[in-house]
Ligand code: FAD
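In my numbering, the protein residues as written are 360 to 893.
Dropping the structure here:
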C-alpha cells in the first residue's frame, strides 16, 4: 500500500491522559478513524504551563496514512504538513587515502571528530590527559568527599570532557541537520530515546557515563587508538605544516593533521600554544554564581503545583538587560533536581557548575546566574588576559571559603542586603557562609543585585530566604578564540584544526559535537595533508 507521511503539531494531552492515546487524538483532530492511521510516533514533546490550572503537554506527531485517503487541511492551517519520512544523513564517505590524525581531547568535540574520521576510514589516535571515565568518577568522588584535587582527572578533564558531570542538556539553537545525527548516535550508545523528541532533551550524568563506555567500544571496534593520561605538551613540525604532537613532554606522535579539542579549561595548553605562535585572541564570556532553590518551590512557581507523575521537574530561563552597564544578566545551564558541583581543575581555586541525574529527582534545583564579561574588563589585550581574569576570581573564592575547596555561599536575601537565613546547598565538599561580593567583580555583584528583583517579577517567589547563592561560576565559555581560517585550519599553523568549545567555536555539548564532525570532515575533504601511509 502506498502511504503518505504527515506531521501534526500542537496535539495536546492533559496531565492525566496517557501518551498512547495520541494516535486517537490525531485521528479525532483530522476527522478520520483511528484505524486509518497506519503508524505514528512522537517527534517533539513540550509543556505548555502558561495557564497554571490547566497545564498541557504539547506534541508534534508524525504519522502515515493510505495515500488514497483524503485529508483536508482546512482549519488545520500550518499545524498539518506533509513530510518526507525521516532519513539519517550519511556523511561518512570512505576515503581512498587514509590520513593519520591525532585528535586531542575526549570531550564531545574530540569524540565525534574521532568517530567521524574513523568511519571515513582514517587512522586515528585519540589522546586524553585525564583518566578513563570509571577511574575519573572515583577521582572526582574522592575530591568531593574532601580528598585532594587531581589536576589531570577532575570535573573538567578526563574521558567524556567537561560535560560528563553535567545535566547532559542537549538543547541547542543550531538548526544544522547533523544535530539529529548526533542525537541518534547518542541513542545508539545508550542515551534515552526520548532525546529524539523532547523539546528540551537531556541525558543526565548517570546515563551519560554509560553512553561513554559504548562510545569507547565503538571507537575501539573501528580501530581508533585510545590513549589516556596523555597530555599533549607541544607540536611537532613548523607553522608551514604540523607533523605531529609531543605528549607528556617526551613522547613523539607523528601524524598528518591534528584536531585540537582541548576544552575551555586547558590553560597550560593555551600557554604553550601562544608560545608556539598559534594565533589566538581574547573572547568575552560571563561570570556569576549558582542559585539553589528547593525543587518543589520552582515547580510551584512554574506549574502551580509541587509535583505530578507526568510533569518533569520544572526549569526556567531568565534574562535581564542591565541598563546601567549595558550588560546582559541571565540564567544559564539550569539543572532541575540537580546539584551544584565543585568543578576546579587547578590547585587553589574554586569554580562551580551544575549537574543532574536523568530523573532529576534531587530536592534542590540550581542554575547559574551570570553577567556578561567584556574584553575591556581584562587587564590587557593579550590573548590570555581572560584566562588570568578567571584565575584571579577563582583564587579569591578559594581564599574566601577557607582554602580547602569548599565554595563560598550566601543566603540570597543577605546578598540583597536584607535579613535572610542560613545557607542550604548540595555542593560537595561543602560551602562556607561568606559575603559573595568579595569574590565577584563589582559589575557582576551589582548586576546580579539589579537583576534579581526583575527575575522575581517574572517568577514570583524567586527571591526567598530558601534560596542560596554559591560562588563562583567562571567557566561559562572559553575566554580565548584560537583563530581559524575558512577551511577550519589554524590561521597560523597548517594542519592544526582547533575545535570545539576550547577553540571558541562551540558552547555546549551539541555544538561541540557538531564542530567535531565538521572539523573531521574538513580534514577528510582536504587534499593538502599528505598521507604517511604507514
Ligand atoms: P571538553 O568537553 O572540555 O573536552 C576537552 C577534553 O580535552 C577534556 O577531556 C580535557 O581533559 C582534554 N584535554 C585538555 N587539554 C589536553 C591536552 N593538552 N592533552 C590531552 N587532552 C587534553 N553543556 C551542555 O550542552 N549541557 C549541559 O548540561 C552542560 N552541563 C555542564 C556541566 C558542567 C559541570 C560542566 C563543566 C560543563 C557543562 N556543559 C554543558 C558544557 C559542556 O560540557 C561543554 O560545552 C563541552 O563539554 C565542550 O566540549 P569540548 O569537547 O569542546 O571540550
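A virtual CB, placed ideally from N, CA and C, is assigned to each residue, including glycine.
Small disclaimer: the values here were computed from a predicted structure and weren't measured.
| query | result |
| --- | --- |
| The alpha helix (DSSP H) that contains residue 564, what's its start and end? | 563 to 580 |
| Taking contact to mean 3 or more Cβ pairs, one atom from each stretch, closer than 8 Å, check whether the stretch 558 to 576 and the stretch 734 to 743 are in contact. | no |
| If you draw a straight line from the C-alpha of residue 501 to the C-alpha of residue 517, how long is it? | 15 Å |
| Check this for me: beta carbons of residue 401 and residue 385, under 8 Å apart or not? | no |
| Report, in whole angstroms, the separation of the C-beta atoms of residue 646 and residue 800, which I expect to be a contact under 8 Å. | 7 Å |
| Spatial neighbours of residue 846 within its chain, please: CB distance less than 8 Å, with the 5 preceding and 5 following residues excluded, ordered by chain position. | 881, 885 |
| Here's a check: name, in chain order, each residue in its chain whose Cβ is nearer than 7 Å to the Cβ of residue 893, leaving out the five neighbours to either side. | At residue 893, the pLDDT of 39 sits below 50, so the modelled position is not reliable; the number obtained from the coordinates is stated separately. Excluding sequence neighbours, residue 893 sits near nothing in its chain. |
| Compute the distance between the beta-carbons of residue 469 and residue 630, then report whether it is under 8 Å. | no |
| Among 779, 764, 763, which one has its Cα closest to the Cα of residue 770? | 779 |
| Return the chain-ordered ranges of every beta strand (DSSP E) run that is complete within the stretch 635 to 687 and spans a minimum of 3 residues. | 639 to 641, 644 to 653, 678 to 681 |
| Decide if residue 716 is buried, meaning its Cβ has at least 16 other Cβ atoms within 10 Å, or exposed. | buried |
| Would you mind stating whether residue 860 and residue 623 have Cβ atoms separated by less than 8 Å? | yes |
| What is the DSSP secondary structure of residue 920, reduced to helix, strand or coil? | Residue 920 lies beyond the stretch modelled for the chain, which goes from 360 to 893, so this question has no answer here. |
| Could you tell me whether the Cβ atoms of residue 649 and residue 829 are closer together than 8 Å? | yes |
| With a threshold of 7 Å (Cβ to nearest heavy atom), would residue 525 be considered close to ligand 1? | yes |
| Figure out for me which residue from 474, 777, 423 has the closest Cα to the Cα of residue 382. | 423 |
| Alpha carbon to alpha carbon, what distance is there between residue 577 and residue 583? | 9 Å |
| Could you name each continuous alpha helix (DSSP H) segment of 4 residues or more that falls completely within the stretch 437 to 480, going from the start of the chain to the end? | 467 to 478 |
| Under a three-way DSSP split, which group does residue 622 fall into? | coil |
| Which one or two residues does DSSP pair with residue 894 in a beta bridge? | It is not possible to answer for residue 894, since the shown part of the chain is limited to 360 through 893. |
| Apart from the five residues on each side of it in sequence, which residues of its chain come closer than 7 Å, Cβ to Cβ, to residue 363? | 423, 424, 426, 441 |
| Which one of 635, 615, 691 has the shortest CA to CA distance from residue 921? | Nothing can be reported for residue 921: it is not among the residues displayed for the chain, which extend from 360 to 893. |
| Rounded to the nearest angstrom, what separates residue 725 and residue 712 at their Cα positions? | 9 Å |
| Looking at C-alpha atoms only, which residue of 729, 818, 844 is the closest neighbour of residue 834? | 729 |
| Let's see if you can read the secondary structure: which residues bound the beta strand (DSSP E) around residue 369? | 362 to 373 |
| I'd like to confirm the pairing. Which residues does DSSP put opposite residue 774 in its beta bridges? | BP columns for residue 774 are empty, so no partner. |
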